[in-house]
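Residue numbers (my numbering): 9 to 218. Each residue gets a CB set at the ideal place from its N, CA and C atoms; glycine is no exception. A short worksheet on the structure shown next.
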């Protein structure tokens, strides 16, 4: 996508320059030096506009790329498998076990941690977005967790941004699964989970579909 945009714009610039060089060649221009200078100024202005457009579209394409590891699924297991199988970076079988099978889990709610298994934690479940600061703490179970399960229960939860880069104790984190009880979009999820590494797959489902 990014390469296509850049190629198209470069072709536009080249065509513009070629056509105008023919039209305003100094030997063909009867109006003299002033016309050549005016044309050079016009060309500079045009190239400046093109550069701005390139930068805007380049930024937009980066944003699309960052969103490419966000997947919306229902709770139909066959559909989940079908959607996630489109990404070769996802171990679908492993994700399904983490998501649907009983796993040693840490539960976080009301700014406290409950039901901590002794060892071998593979899932951390955040059931209260206002408690998300706990995720920055150095808790032993975080180091072995591969799935972070987040519940979105109300619109204000979307304002509780999580900077994924600050979750430095989640050494093995591979998946973030969000179960939302309100309508959300890819953009909402992207804005909620900022600075998410491309190696982490973000999967969300609407509770109304469950």
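Contact between the segment 157–172 and the segment 186–205 is present: three or more C-beta pairs spanning the two stretches fall below 8 Å. The shortest C-alpha to C-alpha distance from residue 197 to any of 150, 94 and 210 is the one to 210. DSSP places residue 183 in no alpha helix (DSSP H) but in the uninterrupted beta strand (DSSP E) bounded by 183–188. Here residue 208 has 77, 172, 181, 182, 183 and 184 as same chain residues with Cβ atoms under 8 Å from its own Cβ, once five neighbours each way along the sequence are excluded. Apart from sequence neighbours up to five positions away, the residues of its chain that approach residue 205 with a beta-carbon distance below 8 Å are 172 and 173, ordered along the chain. Secondary structure within the segment 90–168: the beta strand (DSSP E) runs of 3 or more consecutive residues, fully enclosed, are 113–117, 120–122, 131–134 and 155–160 (chain order). Per DSSP, the beta-bridge partners of residue 214 are 188.
Per the C-alpha coordinates, the member of 149, 145 and 178 positioned closest to residue 112 is 149. The beta carbons of residue 200 and residue 175 sit no closer together than 8 Å. For residue 209, the three-state secondary structure derived from DSSP is strand. Residue burial is scored here from C-beta neighbours: residue 212 has at least 16 other C-beta atoms within 10 angstroms and is therefore classed as buried. Distance between residue 186 and residue 133, taken at the CA atoms: about 10 Å. Nearest Cα to residue 160 within the set 110, 178, 138 and 177: 138. Residue 201 sits in a strand when the DSSP states are folded into three classes. Among the bridge pairs identified by DSSP, residue 171 is matched with 202. In this structure, the alpha-carbon of residue 147 lies about 27 Å from that of residue 97. When rounded, the separation of the alpha-carbon atoms in residue 156 and residue 131 is 6 Å. Residue 203 counts as exposed, since fewer than 16 other beta carbons sit within 10 angstroms of its beta carbon. Under DSSP, residue 79 shares a beta bridge with 211.
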